[in-house]
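**Student:** Numbering (the numbering used here), first residue to last: 51 to 170.
#1: Taking residue 105 as part of the alpha helix (DSSP H), name the residues at either end of that continuous run.
#2: Within the same chain, show all residues whose beta-carbon is closer than 7 Å to that of residue 126, passing over the 5 residues directly before and after it, in chain order.
#3: Which residue from 85, 166, 71, 138 puts its Cα closest to that of residue 155?
#4: Once the 5 residues before and after residue 160 are set aside, which same chain residues still bring their CB inside 7 Å of it?
#5: Apply the 10 Å Cβ neighbour rule to residue 168 and answer buried if 16 or more other Cβ atoms are within range, or exposed otherwise.
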């Protein structure tokens, strides 16, 4: 089992953010399971898991912490994630740490491919 049960608490900004967390956490779990099925190493898996956790926290913070909410509330988790990631990577989260930003971008590219393949 992939331990993501506390992620929504880690990301908590306000009462409403739980709905968003419940939309995106299952997608991250599916993505992480797909990585395990591909046989990635334990250290690579941990990097992917950490990158998912950081991306989720970033999205919740952008929407609820900074009022940057371009959504109506009816969007799926996939639609929300696709607003922030694409084939080139993800949002600039770690502007001061190029290595960690590359990890996030690599995970986002793979997650984007998975979302585009409709495997979720």
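We put the beta carbon where it would ideally sit given N, CA and C, even for glycine.
**Tutor:** This is what the structure gives:
#1: 92-110
#2: 73
#3: Nearest neighbour of residue 155 by Cα position, chosen from 85, 166, 71, 138, turns out to be 138.
#4: none
#5: exposed
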